[in-house]
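Number of protein chains: 2
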Amino acid sequence: MIWCRYQLDGKTSFGIVEDGRVTEVWGNPLEDYAVTNHSHALADVKLLAPIKPPMLYAAGPNYRGHVEGMAARRGAPPSYPDRPSPNYRSVHAIIGTEENIVVPDDCSGAVQPEGQLAVVIGKTARKVPVSEALDHVFGYTIGNDISQRPWQQADRTMFRGKNCDTWKPMGPWIVTDQDPKGFRIIVRHNGEVWEDFSSADQIWDTETWIHELSNYATLYPGDVLWMGTEGADGDMVPGDTIEVEISGIGTLRNYVVAEG
Amino acid sequence: MIWCRYQLDGKTSFGIVEDGRVTEVWGNPLEDYAVTNHSHALADVKLLAPIKPPMLYAAGPNYRGHVEGMAARRGAPPSYPDRPSPNYRSVHAIIGTEENIVVPDDCSGAVQPEGQLAVVIGKTARKVPVSEALDHVFGYTIGNDISQRPWQQADRTMFRGKNCDTWKPMGPWIVTDQDPKGFRIIVRHNGEVWEDFSSADQIWDTETWIHELSNYATLYPGDVLWMGTEGADGDMVPGDTIEVEISGIGTLRNYVVAEG
Numbered sequence: 001m002i003w004c005r006y007q008l009d010g011k012t013s014f015g016i017v018e019d020g021r022v023t024e025v026w027g028n029p030l031e032d033y034a035v036t037n038h039s040h041a042l043a044d045v046k047l048l049a050p051i052k053p054p055m056l057y058a059a060g061p062n063y064r065g066h067v068e069g070m071a072a073r074r075g076a077p078p079s080y081p082d083r084p085s086p087n088y089r090s091v092h093a094i095i096g097t098e099e100n101i102v103v104p105d106d107c108s109g110a111v112q113p114e115g116q117l118a119v120v121i122g123k124t125a126r127k128v129p130v131s132e133a134l135d136h137v138f139g140y141t142i143g144n145d146i147s148q149r150p151w152q153q154a155d156r157t158m159f160r161g162k163n164c165d166t167w168k169p170m171g172p173w174i175v176t177d178q179d180p181k182g183f184r185i186i187v188r189h190n191g192e193v194w195e196d197f198s199s200a201d202q203i204w205d206t207e208t209w210i211h212e213l214s215n216y217a218t219l220y221p222g223d224v225l226w227m228g229t230e231g232a233d234g235d236m237v238p239g240d241t242i243e244v245e246i247s248g249i250g251t252l253r254n255y256v257v258a259e260g
Numbered sequence: 261m262i263w264c265r266y267q268l269d270g271k272t273s274f275g276i277v278e279d280g281r282v283t284e285v286w287g288n289p290l291e292d293y294a295v296t297n298h299s300h301a302l303a304d305v306k307l308l309a310p311i312k313p314p315m316l317y318a319a320g321p322n323y324r325g326h327v328e329g330m331a332a333r334r335g336a337p338p339s340y341p342d343r344p345s346p347n348y349r350s351v352h353a354i355i356g357t358e359e360n361i362v363v364p365d366d367c368s369g370a371v372q373p374e375g376q377l378a379v380v381i382g383k384t385a386r387k388v389p390v391s392e393a394l395d396h397v398f399g400y401t402i403g404n405d406i407s408q409r410p411w412q413q414a415d416r417t418m419f420r421g422k423n424c425d426t427w428k429p430m431g432p433w434i435v436t437d438q439d440p441k442g443f444r445i446i447v448r449h450n451g452e453v454w455e456d457f458s459s460a461d462q463i464w465d466t467e468t469w470i471h472e473l474s475n476y477a478t479l480y481p482g483d484v485l486w487m488g489t490e491g492a493d494g495d496m497v498p499g500d501t502i503e504v505e506i507s508g509i510g511t512l513r514n515y516v517v518a519e520g
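The listed protein sequences correspond, in order, to chains L and Y.
Here the first sequence is numbered in this note's numbering, starting from 1 and rising by one per residue.
Here the second sequence is numbered in this note's numbering, starting from 261 and rising by one per residue.
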């Protein structure tokens, strides 16, 4: 099942996507909802980020190649994490597919993409064993963890380095009933493939992250967990198009623009 | 004016506090509201955290004594920040006054308080000059940034070190029309004064934080910014009572309990 959130005639709704059309839903797929008799061509609606999460978690390093690529840039040996290290991202920085990633005026460069699998929590999770973790997942979507490397490295926190307005594209929609180890994730910069990796190569899998998080911090319906990225990509500049495609989900496409 | 959020007979409302009574308000003080003709004795309602913020920002080091005290513990020279360094806290970890701070079973100790002034944003702030920053403040409340030092130092992120369930007490209410430089902040552990400091001693003041944040990330009504703490306090154990009092606001009181 494919769930989207969209705007039409100034109204925001959840919808179910099928055969190029979206059927309007009243209510919220994570609570109570009803499927209406209103249907629209997908091309006629504006897709929004498919969820506004109360908390947006981002996995710390979760692919060996990312740890190694980032370390190589710094001229340092790779430092592999010894346990899942969740961080937070600003929910206000979330935008949807086809929206603009804005580069601030004082941003000196090295704005880079990080294609990520995004896991949407469906049921409250508190001290959940690994074997039951996936029962708490509603579905999967795509995130792009836009990062400005000089700020990320110079600042004490990732505030400017990862959380400027518009720097958290997510979408295009949420797909349910998927195997989180079976995704192929491709990052394309102006059509050129920059990364092509498998969610099976995560250091810790979705089940383990949910287990570990829920041991200390209850996860609530609508919370979203971005699962980390592979590799170390290049710089984006205004005028560029960046896409993250995940097999079985779709493509998250965004455009880099100057603040101007 | 004093704004609270409270529960009575299973219903959650905003209210205005005056002379030991709370007057129920319909709607939301940050948007549209109406003052009802329903009034209750404060003692008859359960106060909740006065706001559920979309984003809970926490100032990185913002008092010299905290930088120095934490550095001394590590046996390292103090490293003063060169710019405001905002971080995030989990909005799910927020509790109200008189609620329990729960120490997880596998927590080895060194759970410590950090009394903090909390600034509640009232108006959307985007690239706000310092001189206009306070126009975007709705009011002030109190936060206690509970921190587990071994996890804070060992982990890559502050997830476990600062964001376990119940570790973000906030309250008891929001007071408007205050001078953010004029607060006296007192932390009491089982009645003993652990810290007694002034908001005038912040490295960067409220105006500067709002200006800096808003240059990169738009602040929205209801967002809350915790302004950092002074000193380096001791350990709390189950059975302890921890209070943060701020002049002109009130007292945030919480009880430390074992998970059990």
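C-beta atoms are modelled at their ideal positions from N, C-alpha and C, and glycine is treated no differently.
It should be emphasised that the depicted structure is a prediction, and the values quoted were computed from it without experimental measurement.
Drop a sphere of 10 angstroms on the beta-carbon of G20 (chain L), count the other beta-carbons inside from all chains shown, and report buried for 16 or more, exposed for fewer.
If you number the first sequence from 1, residue 20 (chain L) lands on position 20. So G20 (chain L) ends up on the exposed side.
For M70 (chain L), return the contacting residues in chain Y, with the cut-off set at a CB-CB distance below 8 Å.
Sequence index remark: in the first sequence, residue 70 (chain L) carries index 70 (1-based). Neighbours of M70 (chain L) on chain Y: none; closest Cβ ~13 Å, over 8 Å.
Pull up the distance between the alpha-carbon of G329 (chain Y) and that of P337 (chain Y), whole angstroms please.
Along the second sequence, one-based indexing puts residue 329 (chain Y) at 69. Along the second sequence, one-based indexing puts residue 337 (chain Y) at 77. When rounded, the distance between both Cα atoms is 10 Å.
Whole-angstrom Cβ separation of S147 (chain L) and Q112 (chain L), contact assumed at under 8 Å?
Here residue 147 (chain L) is taken as the residue at index 147 of the first sequence, counted from 1. Here residue 112 (chain L) is taken as the residue at index 112 of the first sequence, counted from 1. Their Cβ separation, rounded to whole angstroms, is 5 Å, which keeps S147 (chain L) and Q112 (chain L) in contact under 8 Å.
Is the number of C-beta pairs between the stretch 245-253 of chain L and the stretch 173-185 of chain L that are closer than 8 Å three or more?
The stretch 245-253 of chain L, when compared against the stretch 173-185 of chain L, does touch it at the 8 Å Cβ threshold.
Taking the beta carbon of A133 (chain L) as the centre, do at least 16 other beta carbons fall within 10 Å, making it buried, or is it exposed?
Here residue 133 (chain L) refers to the residue found at position 133 of the first sequence. By the 10 Å Cβ count, A133 (chain L) comes out buried.
From what residue to what residue does the alpha helix (DSSP H) around N475 (chain Y) run?
Within the second sequence, numbered from 1, the residue matching residue 475 (chain Y) stands at position 215. First-last of the alpha helix (DSSP H) with N475 (chain Y): 466-476.
Is it the case that the Cβ atoms of W239 (chain Y) and G494 (chain Y) are separated by a distance below 8 Å?
An answer regarding residue 239 (chain Y) cannot be provided, because it is not within the stretch 261 to 520 covered by chain Y.
Taking E243 (chain L) as the reference, which of L:A43, L:I2, L:T97 has the closest Cα?
As a first step, residue 243 (chain L) is located in the first sequence; it is residue number 243 there, counting from the start. Nearest option by C-alpha distance: L:T97.
DSSP three-state label for A332 (chain Y), please.
Position 72 of the second sequence holds residue 332 (chain Y). The answer is helix: DSSP assigns A332 (chain Y) an H, G or I state.
Using a beta-carbon distance below 8 Å, is P521 (chain Y) in contact with chain L?
Because chain Y in this structure spans residues 261 to 520, residue 521 (chain Y) falls outside the shown range and cannot be described.
Measuring alpha carbon to alpha carbon, tell me which of Y:H449, Y:Y266, Y:H396 ends up nearest K383 (chain Y).
Here the question's residue 383 (chain Y) lines up with position 123 in the second sequence. The candidate whose alpha carbon is nearest that of K383 (chain Y) is Y:H396.
Where does the unbroken alpha helix (DSSP H) through K52 (chain L) begin, and where does it stop?
Counting from one through the first sequence, the residue named residue 52 (chain L) turns up at place 52. No alpha helix (DSSP H) contains K52 (chain L), which DSSP labels as neither H nor E.
Contact between the stretch 443-457 of chain Y and the stretch 303-319 of chain Y is defined here as three or more beta-carbon pairs at a separation below 8 Å; is this criterion met?
Cβ pair count under 8 Å is below three, so no.
DSSP three-state call for V35 (chain L): helix, strand or coil?
Residue 35 (chain L) sits at position 35 when you count from the first residue of the first sequence. DSSP places V35 (chain L) in strand when its eight states are reduced to three.
Compute the Euclidean distance between the alpha carbons of G399 (chain Y) and R386 (chain Y), then round it to the nearest angstrom.
Counting from 1 along the second sequence, the entry for residue 399 (chain Y) is found at position 139. Counting from 1 along the second sequence, the entry for residue 386 (chain Y) is found at position 126. Going by the C-alpha atoms only, they are around 18 Å apart.
Taking CB distances under 8 Å as the criterion, tell me whether Y216 (chain L) reaches chain Y.
Here the question's residue 216 (chain L) lines up with position 216 in the first sequence. Yes, because at least one Cβ of chain Y sits closer than 8 Å to the Cβ of Y216 (chain L).
Counting only the same chain and skipping the five closest in sequence on each side, list residues whose C-beta sits under 6 Å from that of Y255 (chain L).
Here residue 255 (chain L) refers to the residue found at position 255 of the first sequence. Once the five neighbours on either side are set aside, the close Cβ partners of Y255 (chain L) are N100, T241.
Since I believe M430 (chain Y) is in contact with N322 (chain Y) (beta carbons under 8 Å), could you give me their beta-carbon distance rounded to a whole number of angstroms?
The sequence position of residue 322 (chain Y) within the second sequence is 62, counting from 1. The sequence position of residue 430 (chain Y) within the second sequence is 170, counting from 1. No, N322 (chain Y) and M430 (chain Y) are not in contact; Cβ-Cβ is about 17 Å, not under 8 Å.
Going by beta carbon distance, what residues of the same chain come within less than 6 Å of P344 (chain Y), once the five residues before and after it are set aside?
Reading the second sequence from its first residue, position 84 is the one you call residue 344 (chain Y). Only W464, W469, E472 meet the Cβ criterion.
Please name the residues in the stretch 420-451 of chain Y whose beta-carbon is closer than 8 Å to at least one beta-carbon of chain L, in chain order.
Taking 8 Å as the Cβ-Cβ cut-off against chain L, the residues of the stretch 420-451 of chain Y that qualify are R420, N423, C424, D425.
Please decide whether G228 (chain L) counts as near chain Y, where near means a Cβ-Cβ distance under 8 Å.
Mapped onto the first sequence, residue 228 (chain L) falls at position 228. Chain Y contact via Cβ: absent.
Using a threshold of 8 Å, state whether the C-beta atoms of L224 (chain Y) and V379 (chain Y) are closer than that.
With chain Y running from 261 to 520 in the structure shown, residue 224 (chain Y) is simply not present.
Could you check if Y476 (chain Y) is buried or exposed, using at least 16 other CB atoms within 10 Å of its CB as the buried criterion?
Position 216 of the second sequence, counted from the start, is the residue given in the question as residue 476 (chain Y). Answer is buried; the Cβ neighbour count reaches 16.
Is the beta carbon of K441 (chain Y) less than 8 Å from the beta carbon of A460 (chain Y)?
Against the second sequence, residue 441 (chain Y) aligns to sequence position 181. Against the second sequence, residue 460 (chain Y) aligns to sequence position 200. Yes, these two residues count as a Cβ contact at 8 Å.
Under a three-way DSSP split, which group does Q202 (chain L) fall into?
What you label residue 202 (chain L) is simply residue 202 of the first sequence in a count that begins at 1. In the structure shown, Q202 (chain L) sits in coil (DSSP, three-state: anything other than H, G, I, E or B).
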